[in-house]
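Numbering (the working numbering), first residue to last: 48 to 163.
All C-beta atoms, glycine included, are put in the ideal place defined by N, C-alpha and C.
Here the structure is a predicted model, which means the values were calculated and not measured.
See structure below.
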């Protein structure tokens with residue numbers, strides 16, 4: 048995950064290529080902020096699901112909705128784009144980061160198979 052943080056910041060830099068006032072380091076700080084929130088929020092949801100095992104489906108749904116809403120609102124506040132432009136950037140970021148996650152997962156699986 049630590050390797051993906053700079054790549055997430057790079058994707059943010061590429062998605063917001065027109066903003067000349069934001070440097071790569073600002074995107075990196077924002078990506079650390081978003082990932083920290085997600086790790087903390089998912090940890091709290093895991094603890095709640097251990098306490099209330101019957102509500103895990105609802106907690107997963109609420110977790111996904113809150114996470115997506117938080118990323119959208121934070122992108123809108125940080126980059127100051129319109130709603131539709133932020134939604135477009137959010138989907139581009141989501142899809143490209145998903146591809147990065149799959150490629151990195153595949154690399155880990157292949158590297159694990161070669162070490163066994």
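*Per DSSP, what kind of secondary structure is residue 138 in: helix, strand or coil?*
By 1-based counting over the chain shown, the position of residue 138 is 91. Three-state result, residue 138: helix.
*Can you tell me whether DSSP reads residue 159 as helix, strand or coil?*
Residue 159 sits at position 112 when you count from the first residue of the chain shown. It is helical.
*Count the CB pairs spanning the segment 54-72 and the segment 132-140 that are closer than 8 Å, and state whether there are at least three.*
yes
*Closest to residue 74 by CA distance: which of 119, 83, 125 is it?*
Taking the chain shown and counting its residues from 1, one reaches residue 74 at position 27. The shortest C-alpha separation from residue 74 is found at 125.
*When DSSP labels each residue in this structure, what does residue 128 get in the three-state scheme?*
Your numbering for residue 128 matches position 81 in the chain shown. In the structure shown, residue 128 sits in coil (DSSP, three-state: anything other than H, G, I, E or B).
*Hey, which unbroken runs of the alpha helix (DSSP H) at 4 residues or more fall wholly within the segment 61-118?*
71-98
*How long is the line joining the alpha carbons of residue 77 and residue 86, rounded to whole angstroms?*
Reading the chain shown from its first residue, position 30 is the one you call residue 77. Reading the chain shown from its first residue, position 39 is the one you call residue 86. If you take the alpha carbons of residue 77 and residue 86, they lie about 14 Å apart.
*Selection from 53, 127, 116 that minimises the alpha carbon distance to residue 68*: For the purposes of this step, residue 68 is taken as residue 21 along the chain shown, with counting starting at 1. Out of 53, 127, 116, 127 has the C-alpha closest to the C-alpha of residue 68.
*Is residue 58 helix, strand or coil by DSSP?*
Here the question's residue 58 lines up with position 11 in the chain shown. Looking at residue 58 - three-state DSSP - the assignment turns out to be helix.
*Beta-carbon proximity list for residue 147, same chain, < 7 Å, skipping 5 on both sides*: Position 100 of the chain shown holds residue 147. The answer, listed in chain order, is 51, 54.
_Using a Cβ-based criterion (distance less than 6 Å to any ligand heavy atom), does residue 122 qualify as near the ligand SAH?_
In the structure shown, the ligand SAH is absent, as is every other ligand, since no ligand is present at all.
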